[in-house]
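Note that the protein sequences, when read in sequence, are chains R and G.
Following this note's numbering, the numbering of the first sequence begins with 5 at its first residue and continues without gaps.
Following this note's numbering, the numbering of the second sequence begins with 5 at its first residue and continues without gaps.
Just so it is clear, CB atoms sit at the ideal spot from N, CA and C, and this is done for glycine as well.
Bear in mind that the values here come from a model prediction, so they are computed numbers and not experimental data.
Worksheet for the structure shown next.
There are 2 protein chains.
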Amino acid sequence: MKFTFTDTCRLSNNEIEKTAKILLPYLKHLQLVADKNNYDFAESSINLPFDEKSANEVKNLVKKLKTKKLQYIVDIGIGGSNLGTKAVYDTLFGYFDIVQPDRYPKMIFLDTNDPEFISRIVALLKRIKSPEEIVINAISKSGGTTETITNLEIVLASVGKTIVNTRFVVTSDKGSKFWNFATEKNVPCLEIPTTVGGRYSVLSPVGLFPLMMADLNIDSLLAGARSMRNKCLSKSVLANPAIVSAAILFLHNTKGININDNFFFHPELESVGKWYRQLMGESLGKDGKGITPTVSIGSTDLHSVGQLYFGGPKDKITTIIGAPSAETVVVPGNMTFPLVAHVENKKFGVIMDAIRQGVAATYDNLKLPYMTIILDDLSEKSLGELLQFKMMEMMFLGKLLGVNTFNQPHVELYKIETKKILSR
Amino acid sequence: MKFTFTDTCRLSNNEIEKTAKILLPYLKHLQLVADKNNYDFAESSINLPFDEKSANEVKNLVKKLKTKKLQYIVDIGIGGSNLGTKAVYDTLFGYFDIVQPDRYPKMIFLDTNDPEFISRIVALLKRIKSPEEIVINAISKSGGTTETITNLEIVLASVGKTIVNTRFVVTSDKGSKFWNFATEKNVPCLEIPTTVGGRYSVLSPVGLFPLMMADLNIDSLLAGARSMRNKCLSKSVLANPAIVSAAILFLHNTKGININDNFFFHPELESVGKWYRQLMGESLGKDGKGITPTVSIGSTDLHSVGQLYFGGPKDKITTIIGAPSAETVVVPGNMTFPLVAHVENKKFGVIMDAIRQGVAATYDNLKLPYMTIILDDLSEKSLGELLQFKMMEMMFLGKLLGVNTFNQPHVELYKIETKKILSR
Chain R
5 MKFTFTDTCR LSNNEIEKTA KILLPYLKHL QLVADKNNYD FAESSINLPF DEKSANEVKN
65 LVKKLKTKKL QYIVDIGIGG SNLGTKAVYD TLFGYFDIVQ PDRYPKMIFL DTNDPEFISR
125 IVALLKRIKS PEEIVINAIS KSGGTTETIT NLEIVLASVG KTIVNTRFVV TSDKGSKFWN
185 FATEKNVPCL EIPTTVGGRY SVLSPVGLFP LMMADLNIDS LLAGARSMRN KCLSKSVLAN
245 PAIVSAAILF LHNTKGININ DNFFFHPELE SVGKWYRQLM GESLGKDGKG ITPTVSIGST
305 DLHSVGQLYF GGPKDKITTI IGAPSAETVV VPGNMTFPLV AHVENKKFGV IMDAIRQGVA
365 ATYDNLKLPY MTIILDDLSE KSLGELLQFK MMEMMFLGKL LGVNTFNQPH VELYKIETKK
425 ILSR
Chain G
5 MKFTFTDTCR LSNNEIEKTA KILLPYLKHL QLVADKNNYD FAESSINLPF DEKSANEVKN
65 LVKKLKTKKL QYIVDIGIGG SNLGTKAVYD TLFGYFDIVQ PDRYPKMIFL DTNDPEFISR
125 IVALLKRIKS PEEIVINAIS KSGGTTETIT NLEIVLASVG KTIVNTRFVV TSDKGSKFWN
185 FATEKNVPCL EIPTTVGGRY SVLSPVGLFP LMMADLNIDS LLAGARSMRN KCLSKSVLAN
245 PAIVSAAILF LHNTKGININ DNFFFHPELE SVGKWYRQLM GESLGKDGKG ITPTVSIGST
305 DLHSVGQLYF GGPKDKITTI IGAPSAETVV VPGNMTFPLV AHVENKKFGV IMDAIRQGVA
365 ATYDNLKLPY MTIILDDLSE KSLGELLQFK MMEMMFLGKL LGVNTFNQPH VELYKIETKK
425 ILSR
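So this is what it looks like as structure tokens:
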């Protein structure tokens, strides 16, 4: 991963370093959390990629449940329980499901209570011929999540008893009501460490189990996260991407910029952006503070909100995220419609890179602030790096903003109102 | 469609009416555009739903190309050339494609230059057995759009000559270079009126042709748009949803609110939100002015950015969009995991409505400003109403902000930089 910011962030390295240094005591604390290598701290999610015991539990269960016939992994969870899984799955498989109808297994995500979606998945589930074609994974820290439990109940009622008894896995906090009910019924359970909140849990069994079931390489994902974890503990603050990025976002926010646009130049990374929306929104949005995260897709959104970004109010700090491509499809040399210059015989990756650089040049010309992340490739390893980078960035940024990065007190508000209405 | 705003928008009807009245001369102009019923004006898109000739051309071509074997409509276009089509298709079919693998025809959208996606679609196209299985539609007002032409060239090179000669349709401005090349090669062409810009073109052949190919009812879509067009020409300003919504968005913007969140309580409406992002971003984002449109999905995003919306900075004006559901799946009466109260035997639609109302109650408690749109149902007619409402809202809002609602001068900036890079 290559992270660049000098000049383009419209702040001097001096200014960044000064802010970054405020974080040194907190960095020391994070180093302590890493040294202890346990789950005693709010920040303990940084130890997940080093937790071999947890990864092995996942691997053993996958070994039992993996079959050649597997068609669908039904992932039932919402928010932190599915966004990280979806980020990785969609980048490498899910975005392409429409053009790869015969690639299996596919992951189906059930998060909200959509009547139209559930009625159609019920019809699909009724067509399952052998239990080996399906695995159901329900994920909830407490089990008290309305959407997850109601989706789960309908799915369980729609499949045969054999599937419920042999192809169903619960992921939860050990000792939660959900955990206890499940173990009573001999449903295999995977543990989420209590201190690890949903939005920091992608590298726990929350993400690892469904991703490995779906043929994704969780060892590479964890290896990427491990190397980035250590990079983000560096005391050379300007070489520490999480600290630098946090400082830049913070400094612009103090100057009134309230939007952080994440501009991905591969559409399959959109779900990574949606994962980041939760990470930033829920970690920082409290006490009247916070930055609104937005997700843009290059080049798609250049034909949509590009005009606004270039010509509208200067209220955004942008993170551009790109990656080289291994694919080699080229534009034909003898075009049927020779209406665009300089594209014949060019690879799509080359065109997309040129568009990304063209956008960056335009931001430069307009003096709009941005940082750039170029992943090494589109792989589990690179995604592990990116996710770990952003989770640690958020811890530093929460510290700078002076908020509790790990709670989400206001989420209860609408739940209370909703329960009042449902109980009528 | 039911549109409500009183009290919840945190502005008095008096204040709204005062601003709305500024728009009366422009309303008179729009009435003139409607009376002329031609394509002579920048606002002429409001006449599209009344254009029987254009709709008939679409219907005749669909009749020729529609076959029982049809599996894929490949829709090649970007920005205004595909976002409206995707909005309607995804709401009624696309969002469910993953759980309806055997429902055909499916629409495949090719917009940006993604190397990973194009390599997989090439593999899929090579497996097409009969030309009747596919229709290719390339949409570009000028034909000068890099992404559209390069995607098209690769698709044309990947399918047999018969498909290129018999199953390929171009949608463009009459007399554009694209149009002229296509007619020379005897490719059937559908016309986009020159004055209708991409983001206002969904009800032209841009949207109508692929949607009708995909079994969507374009007569209902147009009927919904027609009734809403007339409603949005009403001189009783408080009964004119487009004028009221524009006035509310404008008034909050003058008070420093720079984000308009569009909160959809059906996930399948997400692509409508993405269509709206272009409509608002590109229409208003100029001269340093503009409002950043965001898209949120209930209840998914309550477990993501909900905390930020409730507890963060008060920088948003929200449009809540819901719809009753015709689906009847219920939560089982005898729950395996009885961990959530008040949901047994309840329809999913009832739970989702309760969540939406719970969110609205929370916005009320926190005095956060919002408007509410409740569609009659999830149908082509309701989507026609919603799209037409929003397009006319944007015309009024652009007028209030004092910008040219119909141009997008800054989009050229990155294109120039990109071309420099590609020509090296």
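{"Check": "A142 of chain G burial status per 10 Å Cβ neighbour count (16 or more: buried)", "Outcome": "buried"}
{"Check": "Beta carbon proximity, Q75 of chain R to chain G, threshold 7 Å", "Outcome": "no"}
{"Check": "Segment contact flag, the region 258-277 of chain R with the region 66-75 of chain R, C-beta cutoff 8 Å, min 3 pairs", "Outcome": "no"}
{"Check": "Closest Cα partner of L220 of chain R within the set R:K350, R:V415, R:K259, R:T95", "Outcome": "R:T95"}
{"Check": "Within chain R, partners of K293 of chain G - CB distance below 8 Å", "Outcome": "G316, P317"}
{"Check": "CB contact below 7 Å: K290 of chain R versus chain G", "Outcome": "yes"}
{"Check": "Extent of the continuous beta strand (DSSP E) to which S58 of chain R belongs", "Outcome": "Taken as a continuous stretch (DSSP letters only), S58 of chain R belongs to no beta strand (DSSP E), being part of the alpha helix (DSSP H) at 56-69."}
{"Check": "Extent of the continuous alpha helix (DSSP H) run through Y418 of chain G", "Outcome": "415-426"}
{"Check": "Reduced DSSP category for I321 of chain R - H, G, I as helix; E, B as strand; rest coil", "Outcome": "strand"}
{"Check": "Straight-line Cα distance separating G310 of chain G from A358 of chain G", "Outcome": "16 Å"}
{"Check": "Reduced DSSP category for L372 of chain R - H, G, I as helix; E, B as strand; rest coil", "Outcome": "coil"}
{"Check": "Straight-line Cα distance separating G211 of chain G from K63 of chain G", "Outcome": "12 Å"}
{"Check": "Under 7 Å between C-beta atoms of H307 of chain R and G83 of chain G", "Outcome": "yes"}
{"Check": "Rounded separation between V293 of chain G and P53 of chain R - CA only", "Outcome": "First, the residue type needs correcting, since residue 293 of chain G is Lys and not Val in the sequence shown. Looking at the two C-alpha atoms, the distance is approximately 45 Å."}
{"Check": "Residues of its chain near G122 of chain G, where Cβ-Cβ distance is below 8 Å and the 5 sequence neighbours each way are ignored", "Outcome": "Per the sequence shown, residue 122 of chain G should be read as Ile rather than Gly. So the list reads L114, N155, I158, once near-sequence residues are dropped."}
{"Check": "8 Å contact criterion, which T376 of chain G and T12 of chain G should meet: CB distance rounded", "Outcome": "7 Å"}
{"Check": "Enclosing alpha helix (DSSP H) for L96 of chain R [first to last residue]", "Outcome": "87-96"}
{"Check": "Any chain R beta carbon closer than 7 Å to Y108 of chain G", "Outcome": "no"}
{"Check": "For F267 of chain R, the residue or residues it bridges with in DSSP", "Outcome": "R:S300, R:I324"}
{"Check": "Within 7 Å, strictly: CB atoms of K320 of chain R and I252 of chain R", "Outcome": "no"}
{"Check": "Cβ-Cβ distance between M395 of chain R and Y204 of chain R below 7 Å", "Outcome": "yes"}
{"Check": "8 Å Cβ shell around P271 of chain R - same chain, five flanking residues per side excluded", "Outcome": "Y99, I301, T304"}
{"Check": "Three-state secondary structure (DSSP) of S176 of chain G", "Outcome": "strand"}
{"Check": "Contacting residues, own chain, Cβ-Cβ under 6 Å from I247 of chain G (five flanking each side not counted)", "Outcome": "A24, L27, V241, F400"}
{"Check": "Contact belief for E384 of chain G with P119 of chain R at Cβ below 8 Å, rounded distance in angstroms", "Outcome": "About 18 Å; that fails the 8 Å criterion."}
{"Check": "Environment of A243 of chain R [buried if 16+ CB atoms lie within 10 Å]", "Outcome": "exposed"}
{"Check": "Residue interval of the beta strand (DSSP E) (run including M111 of chain G)", "Outcome": "110-114"}
{"Check": "Interface positions of the region 152-185 of chain R facing chain G (Cβ-Cβ less than 7 Å), listed along the chain", "Outcome": "I153, T154, L156, E157, I158, L160, A161, K181, F182, F185"}
{"Check": "Own chain, CB closer than 7 Å to G353 of chain G, minus 5 neighbours either side, in chain order", "Outcome": "P328, S329, E331"}
{"Check": "N169 of chain R CB to nearest heavy atom of the ligand FMN below 6 Å", "Outcome": "Judged by which ligands are present, the structure shown has none, so any question about the ligand FMN falls away."}
{"Check": "Cβ of F213 of chain R within 7 Å of any chain G Cβ", "Outcome": "no"}
{"Check": "Cutoff 7 Å; reference H256 of chain G; Cβ partners in own chain excluding five residues on either side", "Outcome": "I321, P373"}
{"Check": "Beta-carbon proximity of I132 of chain G to D101 of chain R, cut-off 7 Å", "Outcome": "no"}
{"Check": "Burial state of K130 of chain R, where buried means 16 or more other Cβ atoms lie within 10 Å", "Outcome": "exposed"}
{"Check": "Residue environment, G406 of chain R, which counts as buried when at least 16 other CB atoms sit within 10 Å", "Outcome": "exposed"}
{"Check": "Nearest neighbour of E47 of chain G, chosen from G:Q392, G:R428, G:Y418 [CA to CA]", "Outcome": "G:Q392"}
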